[in-house]
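Under our numbering, the first residue of the sequence shown carries the number -7, and numbering increases by one thereafter.
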Amino acid sequence: MPAAHPVTPFRRVLVAACGSSDVVTLPQSVLAMRFALGLQVRVVLSAAAASFVTAKAFTAVTGEPAYDDGTAEAPGVAHLDLGRWADLVLVMPATANTIGKAAHGIADSLLTTCVLAASAPVVFVPSMNAAMWDRPAVQRNIEQLRADGHGVVPPVGVLALSTGTVTGRGAPPIGEVLQWAATFVGERRDG
Ligand SMILES: Cc1cc2nc3c(=O)[nH]c(=O)nc-3n(C[C@H](O)[C@H](O)[C@H](O)COP(=O)(O)O)c2cc1C
């Protein structure tokens, strides 16, 4: 008998992957989203993310085309098509850089254009070292994203790859991220 999938208010998730070193763990999370949770997942990568993990790797784990700035010229208007396709945009891992751009309406790449053009709810999953996370500039940008109606998953302590100590601020386990996003989307729809 096929596994019963938990009910979430979204089925098609566009993961907008940024260039945090945490992106190396993203393929595993995507596999869980696809096979354990039954979600349809597409991935758009920033150039920095694509320098860690290729679009080809995400095509393999999602079974869907993955997009980076190199595929932006493909037929169709990728940022609009992807925005229309998704019923949740999950910016994960979200770098300080992309958070800053999104907070200021900057759309200078396929990923940031998808985020700005999205009609679906957008949820950010920040990932960076604690010093960056604590900077007033980053906190201002986070507040701006919330004020603009976006979700921001509160980061938890994670291993910083550079030191092996828990000085990173990153994503809770993927199930918790999706539970948080489900609650956010439900409250947004009902409120
Ligand atoms: C090895 C390495 C790890 C990095 N990890 C992070 C990180 O965890 N969080 C972050 O905000 N930036 C991190 N950066 C910096 C980003 O890659 C850089 O700001 C980049 O411009 C982000 O681009 P994007 O937001 O378009 O993905 C890292 C850079 C390198 C070289």
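Every residue gets a Cβ at the ideal spot worked out from N, C-alpha and C, and that includes glycine.
- The Cβ atoms of A9 and L18 sit closer than 8 Å to each other.
- Between P85 and D14, the CB-CB gap stays under 8 Å.
- Judged by DSSP in its simplified three-state form, L80 adopts strand.
- Counting along the chain, the unbroken alpha helix (DSSP H) around P128 starts and ends at 128 to 139.
- The beta carbon of D61 sits closer than 7 Å to the beta carbons of A39, S101, L102 from its chain, once the five residues preceding and following it are set aside; these are given in chain order.
- By a beta-carbon distance limit of 8 Å, R34 does not contact L80. Their separation comes to about 11 Å.
- Excluding residues up to 5 positions away in sequence, F44, V45 lie with their Cβ nearer than 7 Å to the Cβ of V16 in the same chain.
- Taking A95 as the centre and dropping the five residues before and after it, the same chain places the C-beta of N133, Q136, L137 closer than 6 Å to its C-beta, in chain order.
- Rounded to the nearest whole angstrom, the C-alpha separation of T157 and W125 is 16 Å.
- Counting only residues of its own chain and dropping the five nearest sequence neighbours on each side, F50 has a CB closer than 6 Å to the CB of V35, A58.
- In this structure, the CA atom of T54 is about 15 Å from the CA atom of I166.
- Restricting attention to K48, L31, L29, the CA atom closest to the CA of L37 is found in K48.
- Per the coordinates, the alpha-carbon of Q32 lies some 31 Å from the alpha-carbon of V130.
- For A40, the CB falls within less than 7 Å of some heavy atom of ligand 1.
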